[in-house]
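Residue numbers (the numbering used here), protein chains in the order written: chain A, 65 to 254; chain B, -12 to 542.
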Amino acid sequence: MPRRLLRNGQIVEDEWLYFAEAEADAESRAEDADASPLILTFDQWQAERDRWMTSEGRGSGERGRTGERRRLGVILLPAHKVEQLLPDLERFDLVGAEFSGPSEGRGYTQGRLLRERWKFQGELRATGYVHRDQLFFLARCGFNSFELPDSDLAHAVTALSTFTAAYQPSNDAGLPLKLPRRLPDTPASA
Amino acid sequence: MYRYDSTDKTLVEERVAQFRDQTRAFLAGELSDDEFRHLRLRNGLYIQRHAPMLRVAIPYGLLSSTQLRTLAHIARRYDRGYGHFTTRQNIQYNWPKLEEVPDILADLARVEMHAIQTSGNCIRNTTSDHLAGVTPNELEDPRPWCEIIRQWSTFHPEFTYLPRKFKIAVTGAPQDRAASLVHDVGVHIVRGPDGELGFEILAGGGLGRTPIIGQVVREFLPRRHLLSYLEAILRIYNLEGRRDNLTKARIKILVKSLGIEEFRRRVEAEWELIRDGGLTLDEAEIARMRGFFTPPAYRSLTDIDPTLGPAGDDRGAAFKAWYRYNTVAHKIPGYRAVYVSLKKPDVPPGDATDAQLDLLADLADRYSFGEARVTHTQNLLLADVEQNEAFALWEALDKAGLATPNIGTLTDMICCPGLDFCSLANAGSLDVAKLINERFDDYDYLYDLGEIDVKMSGCMNACGHHHVGAIGILGVDKGGQEWYQITIGGAAGADASLGSVIGPSVAKHEVAETIARLLDVYVERRTPEERFLDTVRRLGVKPFKERVYAAPAAA
C-alpha cells in the first residue's frame, strides 16, 4: 500500500520511493521503478555522488519515459550539516530531515537554514519520530511535508492550526495560513 | 506591568485547548505514557511522588493582585490549600488532579498566566531582579527586556526540542539578585563605550551535577540586537549541544568543551549572518515594551523613620527588627520595598497558603499599587510601600505569619521540596530546614551572625542551589540512609563562586550541630564587618573543617 503523508496541508499518497523501496519494487514490477522520484540516504548520495549527480538516475541510466531527469531527494540525519548538501542542493527536489526520537531537535534548525539561508524551494520533509504536536513548529521552520504514524494522520491537518498567532519571524512555508506576528515579517537576511 | 494583547491571549487560550485535547487523548488511551510525558512536560506538569506537580510561570516574578487571587483560588480549589514558590520565579502546586489541569490552565489564562515551557527541554521562564525598577542604583529596569525575551522564547519553533532545558536571567543593577551567573545565559544591562546602554552576555553557567560559573561571551551588545544574539547562541547550542548523555547536555558542557573563545567565535559567526534580520528590535518596539513598566503614581514624600510613631513614641523591638531586616531602600523618597518572608520556622521554605495569597493581594492593592513580586530566594515582595504605612502593613503581615524578621539571615534558607515531594530527591530537605530552625531560634544570635545564605538541595540536581550557598547542604543517599554533604564559601551574586566541600557527609541529626561549629569558627575569627562568606574566603576551608570533624557531636 502506498505511503500516505501530509503535504501542503493535504493527506496525499506519496509518489516518492526510498532507495530500498525502489530496489524491492524493481524486482516485483520493473516497469515503473525507474520512473519514480527517488529518495537517497545521505550516505548513498555521498558514496556515489558522481553517479547521482551526472546520470539521470538508477538502473539503465537511460532517461525516464518523459525524458526528464529523475527527481531526487536526500535525507539528512540529525548530525549532518545542511551546508554539506550545498554543492548539489539544486539537484534535489526533496530534502528530508530525520528525527531519531522524541527529544531530537536539530532538524528544526536544519529546516530553517535550508529555507531561509539557502533558499531551498523544494519539498522539505520531516521523517522518523514525527507526531502531530510537532507539526506546527516544524511547519514554522519551513517543513511542508510530514511522514506521520497513521493514528496521527487524521489529526494532522488540524494540528497545523493549533496556534493561529506567533511571536517570532520565521519561515511558515508549511502552514496553511499566514500567521499574524509580533515582530516584523522579514526573514533572516542571509 | 505587561498586559496581554490579542496575540498573547490567543496563544495562551490555544495552548489550553491543545493541552485539554492532549490530556483527553492520554486518558482515553490514545497516547502512551511516554508520548504524553513529552507533551505534559512542556506544560510544567511532572508526575511526582504523590501526584502530578504543576509548575506555573510568573514571568520575571511580577504578579498583579488579580493574579495573586487566582493563585490562591487554584490552591484552594484544585490543591490542598497552598503553593510553593521556587528559586526561578515559578509557583508549584503539589496535588492537582491530572484531569483538572486543563481547567487550572484555563483559570490561569483568564488572568494572563500560563505554565508554558516551565519544564521540558526548552527555554524556560525568564527571570530577573525582584527589585527591578525600584532599586536605587539600577542602570535600567530589566523587565521590558524580560518581556521581549519571554515573547521571543514562547513557542519558538526552532528551540522547542533543545538538548536540555535552557534558563535565562536578566539584571539591570550592579548587584545580581537573579543568580544570573549560574544560568545558561545571563543578560546584564551595562553601559557601553559610548555611554549608551546595552548588554553584557554570559553563557555556560549552571548548577546540577557539574556546577560552573557563566563566562562572558560578549562584553557589549547594542540593544537592538538582543534577540538575534540570543538566537545565535541557541542555534549553536541546538546544533552542537550533546544529546547522547543527559548529564552532559546543558550548554555549560558545550561551552566548557569548546572553550569560551571557540564558543564565542561560533556564536559571533552565526550572529553575523542573522544580525540585521527580522529579529532586530526597533526603537518603537522597545518603547512600546517600556510603556508597560512605567513607574506607578508615587506621591511626593520625604524619607521618615517609621520605627517612631506619630507622637515620637517607640513602636517596639519587633517592628524595628522587621523594618531593619525585611525592608530595603527604594529609589523614590518616602518609599521602601518590603519583603514578605515565606521562611517562618515551622513552615516549609517558600510555601504560602491560599489565605495568605488572598491577604497579600489585598495588601498589594492597599499598600503597593496592586502588585507583588516573587524573589529568587523564595520570598515575596511588595515593592512600593510608603514608609509611613510600613507599620500598618507589618501588623497585617505579622498576624498572617508573613513577617518573620529573617530576610538575609541564616533562617532565610533556599530549599527544594526534597524527598517529601520530589521523585528525584535522595534525601529530605524540609525536615532538615526544620531542624536548623529549631536549633537557631535566637534572633539576637542570628542578627549578630548577619548575612548568611544557606541553600539546601535534596539531590545533585541542585534545585536548592547548594553550590552557591555561603553554607550549602546537599542530600545524598548512603546505603538507603539520608546523609548531607556540607559546602562553604559559595555565592550567587555578582561575585559568584562555588562552595568547597568541607569533608565527609554528616547524618541528618548532625547537620545543625555541623552548622553551629562552622558559625563558631566564624564568630571567633571574623574581622569587624566581615560576612561569613568573606571569612571563609579569607581563611579557606581548613579551620572550619578541623572544627567540624574535631570531635563527635555532643548531642
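Beta carbons are placed, not taken as given, at the ideal position from N, Cα and C, and that holds for glycine.
All of these numbers come straight from a predicted model, not from anything done at the bench.
For B:VAL177, the uninterrupted beta strand (DSSP E) run begins and ends at 172 to 178, by DSSP. Interface annotation, A:GLY160: not in contact with chain B, CB-CB separation never under 8 angstroms. Here the segment 347 to 362 of chain B does not lie against the segment 258 to 276 of chain B, with fewer than 3 beta-carbon pairs under 8 angstroms apart. At least one C-beta of chain A is nearer than 8 angstroms to the C-beta of B:ASN225. For chain A, the residues of the segment 141 to 166 of chain B that bring a beta carbon within less than 7 angstroms of one of its beta carbons are THR141, PHE142, HIS143, PRO144, GLU145, THR147, TYR148 and LEU149, in chain order.
For the segment 226 to 239 of chain A, the beta-carbon criterion of a distance under 8 angstroms to any beta-carbon of chain B is satisfied by THR226, PHE227, THR228, ALA229, ALA230, TYR231, GLN232, PRO233 and SER234. In summary, the residues of the segment 179 to 201 of chain A whose CB is separated from some CB of chain B by less than 9 angstroms are GLU180, ARG181, HIS195, ASP197, GLN198, PHE200 and PHE201, in the order they occur in the chain.
Put simply, the backbone Cα of B:ALA284 is about 10 angstroms away from that of B:ASP371.
Within its own chain, the residues whose Cβ lies closer than 7 angstroms to the Cβ of B:PHE146, once the five positions on either side in sequence are excluded, are CYS109, ILE110, LEU221 and ASN225, listed in chain order.
Within chain A, the C-beta atoms nearer than 7 angstroms to that of B:HIS25 come from PRO166, in chain order. Of the candidates A:THR118, A:ASP107 and A:GLY165, the residue whose Cα lies closest to the Cα of A:VAL138 is A:ASP107.
As computed with DSSP, B:HIS71 is found in a beta bridge with B:GLN79 and B:ASP338. Counted as a single uninterrupted DSSP element, the stretch harbouring A:SER167 is not any alpha helix (DSSP H), since DSSP gives it neither H nor E.
Of B:ASP116, B:VAL177, B:THR57 and B:ALA62, the smallest CA-CA separation from B:THR74 is found for B:ASP116. A contact is defined here as three or more CB-CB pairs under 8 angstroms, and the segment 179 to 192 of chain B meets this definition with respect to the segment 240 to 255 of chain B. In the DSSP assignment, B:ARG323 falls within the beta strand (DSSP E) that extends over 322 to 327.
Close to A:TYR172, with beta-carbon spacing below 8 angstroms, are these residues of chain B in chain order: PRO144, GLU145, PHE146, THR147, TYR148 and ASN225.
Taking every protein chain shown into account, the CB of B:ASN232 has fewer than 16 other CB atoms within 10 angstroms, so this residue is exposed. Put simply, the segment 280 to 296 of chain B does not touch the segment 341 to 351 of chain B. Fewer than three CB pairs are less than 8 angstroms apart.
B:PRO297 and B:ALA324 have their C-alpha atoms spaced approximately 21 angstroms apart. Membership of B:ILE394 in any alpha helix (DSSP H) is not indicated, and neither H nor E is assigned to it by DSSP.
Taking CB atoms only, A:ARG204 has a neighbour in chain B less than 8 angstroms away. Cβ contact annotation for B:ALA449 (same chain, cutoff 6 angstroms, sequence separation greater than five): LEU194 and GLY195, in chain order. A:ARG133 has a beta carbon lying at 8 angstroms or more from every beta carbon in chain B. At a Cβ-Cβ threshold of 8 angstroms, B:GLN138 and B:ASN81 do not count as neighbours. The segment 85 to 96 of chain B and the segment 375 to 386 of chain B do not touch, with fewer than 3 CB-CB distances between them shorter than 8 angstroms.
Around B:GLY107, the same chain offers LEU28 and ARG29 as residues with beta carbons nearer than 6 angstroms, after the five sequence neighbours per side are excluded. C-alpha of B:LEU266 to C-alpha of A:PRO233: approximately 7 angstroms in a straight line.
A:ASN72 counts as exposed, since fewer than 16 other C-beta atoms from the protein chains shown sit within 10 angstroms of its C-beta.
Exclusion of the five residues before and after B:LEU213 leaves TRP132, ILE135, ILE136, VAL174, PHE186 and LEU268 as the residues of its chain whose Cβ lies within less than 8 angstroms of its Cβ.
One Cα belongs to B:THR10, the other to B:ARG24, and the distance between them is close to 11 angstroms. Excluding its 5 nearest sequence neighbours in each direction, A:TRP182 has C-beta neighbours in its own chain below 7 angstroms: VAL146, LEU150 and LEU153, listed in chain order. Between the alpha carbons of B:ILE394 and B:LYS330 lies a gap of roughly 8 angstroms. At a cut-off of 3 residues, the continuous stretches assigned as beta strand (DSSP E) that sit fully inside the segment 117 to 196 of chain B are 155 to 158, 172 to 178 and 184 to 190. Cβ-Cβ distances below 8 angstroms link B:ILE200 to LEU168, VAL169, GLY192, ALA483, SER484 and LEU485 in the same chain, with the five nearest sequence neighbours on each side left out; the list follows chain order. Residues of chain B with a Cβ closer than 7 angstroms to the Cβ of A:ARG176 are, in chain order, GLU145.
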